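Q: To start, I am sharing the structure in question, which I have written as structure tokens.
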Amino acid sequence: MGKRVVITKQKIKDREYRVTALFEDHQMLEVSCDDVTEDSLLGNIYIGKIRRIVEKIGAAFVEIAPGMMTYLPLEDAKEPLMVKQLRNGRLTEEDELVVQVVKEAVKTKDPTVSTQISLKGNALIFTTQDKKLGVSRKLEQSKRKYFHDLFTEKKDDRFGMIVRTNAEHYTDEQIFSEFHRMCETFENIREHYRHRTCFSCLYHAPSGYMAGVRDYLSLHLERITTDDPVIYEEVIKTFGEEAAIANVQILFYQDPALSLSALYGLHSKLEEALRDRVWLKSGAYLIIQPTEALTVIDVNSGRCIKSGRKDIYLKVNLEAAEEIARQLRLRNISGICVVDFINMDTNEAKEELAQALKQHLAKDSVPAVFVDFTALGLAEITRKKVKKPLWEQIAGGNV
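The numbering used here applies: residue 9 is where the sequence shown begins, and numbers increase by one.
Quick look at the structure:
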């Protein structure tokens with residue numbers, strides 16, 4: 009079975025969630041659970057008011073709706089679109105400016121915003137952060153050159169642009185149409201933001217599951233399946249042409265005898281993804297413990313062969329490295345992660361383990377990096393924070 013996306017609604021406890029899951033060979037690689045009663049802020053653009061500036065941490069706290077506070081790193085406050093500025097050339101409290109939500113609230117931390125605008129389309133990414141023209145490295149060299157030449161004269165100095173991997177599934181006419189729509193959106197924001205009131209939402213980003221489908225289409229999917237007629241129509245309307253070109257089936261599932269959730273075993277797979285213990289085929293297991301500051305993962309030998317042979321320890325650690333990379337992606341664990349592998353005595357074994365970790369982490373769609381081994385032999389991993397971890401997406405972390 010190739011890569012497949014499943015989108016369905018599922019009741020967990022007394023709340024209903026929209027579940028979007030990516031499968032490959034019957035294994036769930038990624039999953040996102042969105043409360044149907046809540047709208048995601050990610051990608052939305054607002055007129056916010058600076059309530060507090062803390063120079064010591066290099067940040068400002070910006071209110072984007074009554075009572076909704078966000079965190080703005082001052083290093084991301086370059087060339088802001090100011091609605092009201094009390095001091096020229098310097099941000100100060102009570103200033104009003106345009107910000108975009110770039111990270112969801114995680115644990116006790118507020119959502120993160122930036123003054124740099126980024127619009128993500130099916131084939132293009134439009135950004136004011138980097139004024140250069142970029143092309144996805146996943147495309148063949150000949151296609152990269154083609155797209156670079158195609159847009160060299162189109163792009164101007166007001167914005168930067170990235171041609172996504174998905175662009176190869178579109179005609180030039182479709183790509184230019186998206187380019188002009190994104191330019192219009194940006195110009196509309198620039199022309200009207202000064203005349204809008206504080207806390208106005210200038211741009212609503214696509215819903216979470218639609219953004220997920222858009223990103224998954226670059227992964228050479230086999231099919232997208234949903235049992236919700238509204239979701240089906242929205243996916244067909246937005247991605248029908250691209251899916252047809254890429255030979256991706258968009259299916260509406262109907263079977264009163266067996267729900268889509270039951271067909272893919274979503275409930276049990278979600279339960280497994282929330283447990284702190286993960287068993288490995290060798291009989292060893294992982295203990296995954298999220299804390300406020302970081303996530304700790306302990307590799308235990310468990311029921312595997314008790315032996316003094318160093319190659320046994322290395323085999324278990326290599327198996328654990330692959331599963332750890334999968335669990336980070338599946339549970340959407342972000343920030344700092346510290347792993348306590350089974351002790352290894354040789355530098356050669358550590359180097360082999362480090363290379364394996366890097367290889368498995370590279371498969372992640374979210375940037376994940378093996379940093380190094382600490383003096384105590386713990387492996388340090390960082391993963392970019394974008395959305396909430398799975399246990400936070402589901403209230404209480406219980407299915």
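C-beta atoms are modelled at their ideal positions from N, C-alpha and C, and glycine is treated no differently. Fair warning: this is a prediction, and the values are worked out from it, not measured in the lab.
1) For residue 173, which option in 322, 13, 183 and 231 has the closest C-alpha, if you only look at C-alpha atoms?
2) With 16 other CB atoms within 10 Å as the buried threshold, where does residue 252 fall?
3) Using only CA atoms, which one of 43, 56, 23 and 381 lies nearest to residue 208?
4) Between the alpha carbons of residue 115 and residue 98, how many angstroms are there, rounded?
5) Between the C-alpha atoms of residue 34 and residue 386, what's the straight-line distance to the nearest angstrom?
6) Going by alpha carbons, who is nearest to residue 168 out of 176, 177 and 191?
7) Assuming residue 371 is part of the beta strand (DSSP E), what are its boundary residues?
8) Quick one, which of 150, 235, 206 and 243 has its alpha-carbon nearest residue 224's?
9) Just tell me which of 378, 373 and 372 has its CA closest to the CA of residue 361.
10) With DSSP run on the structure shown, which of helix, strand or coil describes residue 25?
11) Could you pull out every unbroken alpha helix (DSSP H) segment of at least 4 residues lying fully inside the segment 300-366, listed in chain order?
12) Measuring alpha carbon to alpha carbon, tell me which of 36, 25 and 21 ends up nearest residue 13.
13) Please report the straight-line C-alpha distance between residue 310 and residue 65, rounded to a whole angstrom.
14) Just tell me which of 301, 233, 348 and 128 has its CA closest to the CA of residue 321.
15) Considering only the alpha carbon of each residue, which of 9, 10 and 42 lies closest to residue 23?
16) Return yes when the Cβ of residue 202 is within less than 9 Å of the Cβ of residue 91, no when it is not.
17) Could you name the residues of the same chain whose beta carbon sits closer than 6 Å to that of residue 110, not counting the 5 residues immediately before and after it, in chain order?
18) Do the segment 358-375 and the segment 75-84 make contact, defined as three or more Cβ pairs closer than 8 Å?
19) Give the straight-line distance between the Cα atoms of residue 146 and residue 131, rounded to the nearest whole angstrom.
20) Considering only C-alpha positions, which residue in the set 228, 217 and 261 is nearest to residue 246?
21) For the alpha helix (DSSP H) holding residue 99, just list the boundary residues, first then last.
22) Tell me the rounded alpha-carbon separation between residue 193 and residue 86.
23) Smallest Cα separation from residue 128: which of 117, 108 and 112?
24) Name the residue from 159, 100, 72 and 153 whose alpha carbon lies nearest to the alpha carbon of residue 134.
25) To which residues of the same chain is residue 137 closer than 6 Å at the C-beta, ignoring the five residues directly before and after it?
26) Roughly how many angstroms lie between the CA atoms of residue 154 and residue 170, to the nearest whole one?
27) Who are the Cβ neighbours of residue 341 in its own chain at under 6 Å, not counting the five residues just before and after it?
28) For residue 306, which option in 112, 254 and 288 has the closest C-alpha, if you only look at C-alpha atoms?
29) Output the boundary residues of the beta strand (DSSP E) element that contains residue 149.
30) Can you look up residue 201 in the DSSP assignment and give me helix, strand or coil?
31) Going by C-alpha distance, which of 269, 346 and 258 is nearest residue 297?
A: In short, the structure shows the following:
1) For residue 173, the closest C-alpha among the options 322, 13, 183 and 231 is that of 183.
2) Exposed, because fewer than 16 other Cβ atoms sit within 10 Å of the Cβ of residue 252.
3) 56
4) Using only the alpha carbons, I get a separation of about 31 Å.
5) 32 Å
6) 191
7) Neither: residue 371 is in no beta strand (DSSP E) and is coded neither H nor E.
8) It is 243 whose Cα lies nearest to the Cα of residue 224.
9) 378
10) Looking at residue 25 - three-state DSSP - the assignment turns out to be strand.
11) 318-339
12) 36
13) Straight-line Cα distance between these residues: approximately 43 Å.
14) 348
15) Among 9, 10 and 42, the Cα nearest to that of residue 23 belongs to 42.
16) Yes, they are a contact pair.
17) 120 and 122.
18) no
19) Their backbone Cα atoms lie some 13 Å apart in a straight line.
20) 217
21) Where residue 99 is concerned, there is no enclosing alpha helix (DSSP H), given that its DSSP letter is neither H nor E.
22) Spanning the two alpha carbons is a distance of roughly 20 Å.
23) 108
24) 159
25) Taken in chain order, the residues that qualify are 124.
26) 13 Å
27) 303 and 397
28) Cα-wise, what sits closest to residue 306 is 288.
29) Note, residue 149: premise wrong, no beta strand (DSSP E); alpha helix (DSSP H) at 149-160.
30) helix
31) In this structure, 346 is the residue among 269, 346 and 258 with its C-alpha nearest to the C-alpha of residue 297.
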